[in-house]
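In short: position in the first sequence from 1, add 93, done, that's our numbering.
Heads up, the beta-carbon is just placed ideally off N, CA and C, and yes, glycines get one too.
To start, the structure itself, in structure tokens.
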Amino acid sequence: MTSFEKFLGSGSIFKNVSVLSPHYIPKTLYYREKQIDDIMSYLAPSLKNQKARNILIYGKTGTGKTCSIKKIIGEFEKVQSKAKMHYLNCRIYNSKYRVLQKIMKDYWPELEKAGFGLPFIYEKLLETLRQGNYIIVVLDEIDMVKDLDDLVYTLTRANDEVATGGITIIGVSNKLSFKENLDPRSRSSLNEVEIVFPPYTSEQLQKILEQRVEEGFQPDVVRQSAINLAAAITAQESGDARYALKLLMRAGEIAEERKKNGVEDVDVEEARKRVEVDLIAETVNTLPEMHKITLYAIAKLSLNGSRYYARLDGVNDGFLMSGEVYEEYGICCRQLRKKPRSLRWYREYLNDLEMLGLVLTAPSSKGIRGQTTLIKLGHEPDAVYKITSDVLFGGSG
DNA sequence: CCTCCACAGGAAGCGCAGGAGT
DNA sequence: ACTCCTGCGCTTCCTGTGGAGG
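This is the structure we're talking about:
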């Protein structure tokens with residue numbers, strides 16, 4: 094036995110850990126046959142050189158949206174045609190410019206370098222369509238695009254400008270409300286078809302977990318009751334399949350650490366704490382630096398308690414006030430030898446953090462000190478504080 | 001009632017990086 | 001090498017809002 098064996102998941106618990114990763118696409122996706130079928134039927138025209146209708150897909154995180162789309166893209170590529178699907182995550186491609194550039198790169202390699210003007214890229218888009226190409230853009234996390242109205246307008250106008258070819262938008266969002274702050278015109282063109290991914294029920298999660306357990310774990314190591322518990326916990330909290338899978342994976346790790354030969358209910362219970370930290374850390378790590386500092390400041394104040402609210406008799410729901418958070422943010426920046434950004438941009442950071450669910454905000458109605466925004470962490474302050482301080486101060490102490 | 005406070009968020013514009021055209 | 005252009009992150013300035021306090 095080589096010394097690496099034990100790190101490679103060939104121990105007594107796991108068979109193949111990657112099966113439990115959220116990026117893994119199983120051969121059969123349970124309980125999504127209807128959605129996948131619908132989407133494919135709407136896309137079919139583009140394989141016969143017709144423009145397909147735009148689609149909006151809704152569903153909370155971990156309801157199989159991205160997984161289903163990836164599956165469809167795989168099927169789509171098996172068919173020979175002048176149509177191509179492009180998958181973009183809008184957390185990275187978050188502006189009209191970036192989205193257009195990313196799509197056009199696949200057709201025009203010279204666009205690899207940055208610095209081209211938007212009109213230039215738009216011309217390339219028209220040229221691509223005139224060549225008879227059918228472009229299907231999947232915009233995952235579409236609500237992250239800053240100038241979405243503009244993007245939708247540009248794409249639909251491109252359709253009108255050419256006689257051949259066509260471009261179809263598939264928007265994927267986890268918030269139903271995001272449509273509300275869209276321009277009515279782009280809303281109606283984007284919303285030609287709507288498909289909803291409901292959260293998984295406890296029974297459905299159970300089945301999904303059983304499938305992954307079979308592929309990812311050694312035979313008979315995970316107790317049925319542990320699977321049921323993981324499914325029940327998840328269904329109660331969110332119905333997020335990603336959460337359920339993480340729960341099971343962490344439980345497996347805990348069992349392995351303790352040199353047990355099976356995964357039991359207690360391991361799942363224990364895993365719960367670690368999974369929350371995992372999920373927060375995942376989002377925090379992808380955050381730009383100033384966002385991290387803002388979040389760190391909020392976590393720090395949450396632990397110490399609000400200076401203003403502390404003086405008040407009555408309720409302290411752990412809410413902070415925007416002003417004091419900005420002050421703390423400034424202090425944190427100086428600690429890190431960084432220049433604090435203006436109040437205006439601090440507000441943008443707050444909005445972004447709220448969109449990611451890391452922070453909850455509410456307008457102060459009947460409070461003190463007039464009008465302010467109340468801020469609260471979306472998760473356990475201790476966990477967020479630890480994660481942010483590790484990522485900000487971790488390297489050099 | 002008016003004014004002030006503590007904000008929200010739009011608009012304009014600035015400096016920079018990294019093209020293209022000359 | 002140079003000018004011109006664009007997107008981006010950002011600052012500065014501005015108008016608006018609703019409760020607090022006189």
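Spatial neighbours of residue i in its chain, beta-carbon cut-off 8 Å, leaving aside the 5 residues before and after
{"i": "L219", "result": "A251, E254, V255"}
{"i": "V192", "result": "L181, C183, Y186, V230, L232, V238, L244"}
{"i": "I468", "result": "I391, F412, L413, M414, S415, V418, L443, V452, L453, T454"}
{"i": "I214", "result": "Y190, L193, Q194, M197, L204"}
{"i": "E330", "result": "Y336"}
{"i": "L396", "result": "P474, D475, Y478"}
DSSP state of residue i mapped onto helix, strand, coil
{"i": "D371", "result": "helix"}
{"i": "P491", "result": "Residue 491 lies beyond the residue range present for the chain, which begins at 94 and ends at 490; the question has no answer from this structure."}
{"i": "L283", "result": "helix"}
{"i": "D412", "result": "It should be noted that the sequence gives Phe, not Asp, for residue 412. Of the three classes helix, strand and coil, the one that applies to F412 here is coil, per DSSP."}
{"i": "D276", "result": "coil"}
{"i": "F209", "result": "coil"}
{"i": "D233", "result": "strand"}
{"i": "S395", "result": "helix"}
{"i": "L470", "result": "strand"}
{"i": "I262", "result": "strand"}
{"i": "Y151", "result": "strand"}
{"i": "V356", "result": "strand"}
{"i": "K187", "result": "Before going on, a small fix: residue 187 reads as Asn here, not Lys. Residue state, collapsed to three classes: coil."}
{"i": "R335", "result": "helix"}
{"i": "L269", "result": "helix"}
{"i": "Q173", "result": "coil"}
{"i": "A145", "result": "coil"}
{"i": "Y117", "result": "coil"}
{"i": "K366", "result": "helix"}
{"i": "K217", "result": "helix"}
Range of the contiguous beta strand (DSSP E) that encloses residue i
{"i": "F290", "result": "286-290"}
{"i": "Y200", "result": "Run containing Y200: none; DSSP gives neither H nor E here."}
{"i": "G225", "result": "Careful: G225 lies outside any beta strand (DSSP E) and carries neither H nor E."}
Sequence-distant residues of the same chain with beta carbon closer than 7 Å to residue i, five excluded per side
{"i": "F310", "result": "I106, F107, K108, G345"}
{"i": "R87", "result": "The structure shown does not extend to residue 87, since the chain spans only 94 to 490, so no value can be given for it."}
{"i": "Y389", "result": "C425, T481, S482, L485"}
{"i": "G471", "result": "G450, L451, V452, L453"}
{"i": "L43", "result": "Because the chain in this structure spans residues 94 to 490, residue 43 falls outside the shown range and cannot be described."}
{"i": "K164", "result": "I118, L122, I129"}
Cutoff 6 Å; reference residue i; Cβ partners in own chain excluding five residues on either side
{"i": "D333", "result": "T154, G155"}
{"i": "A403", "result": "Note that A403 scores 42 on pLDDT, short of 50, meaning its location in the model is unreliable; the coordinates nonetheless yield the value given after this. Answer for A403: no residue qualifies."}
{"i": "E447", "result": "T454"}
{"i": "G407", "result": "Because G407 carries a pLDDT of 39, less than 50, the predicted location of this residue cannot be relied on, and the following value inherits that uncertainty. Closer than 6 Å at Cβ, skipping near neighbours: no residue."}
{"i": "L405", "result": "Because the pLDDT of L405 is 42, which lies under 50, any placement of that residue in the model is unreliable, and the number read from its coordinates should be weighed accordingly. Cβ within range, chain order: n/a, list empty."}
{"i": "G423", "result": "P433"}
{"i": "Q297", "result": "Y124"}
{"i": "I263", "result": "I148, V231"}
Residue i, enclosing alpha helix (DSSP H) - first and last residue
{"i": "M178", "result": "No alpha helix (DSSP H) contains M178, which is instead part of the beta strand (DSSP E) from 176-182."}
{"i": "Y442", "result": "436-448"}
{"i": "I162", "result": "158-170"}
{"i": "V484", "result": "474-486"}
{"i": "D242", "result": "241-254"}
{"i": "P138", "result": "126-140"}
{"i": "K108", "result": "Where K108 is concerned, there is no enclosing alpha helix (DSSP H), given that its DSSP letter is neither H nor E."}
Give, in chain order, every unbroken run of the alpha helix (DSSP H) that is at least 4 residues long and sits entirely within the region 300-331. 317-330
Counting pairs of Cβ atoms below 8 Å between the region 367-380 and the region 425-432, do you hit three or more? no
Segment contact, 8 Å Cβ cut-off, at least three pairs: the region 354-373 with the region 473-489: yes
Quick test of the definition: if touching needs 3 or more C-beta pairs under 8 Å, does the region 436-452 touch the region 337-352? no
Can at least three beta-carbon pairs, one atom from the region 279-294 and one from the region 170-179, be found at a separation below 8 Å? no
Using a Cβ distance threshold of 8 Å, determine whether the region 127-136 contacts the region 351-365, with at least three qualifying pairs required. Not touching, per the Cβ criterion.
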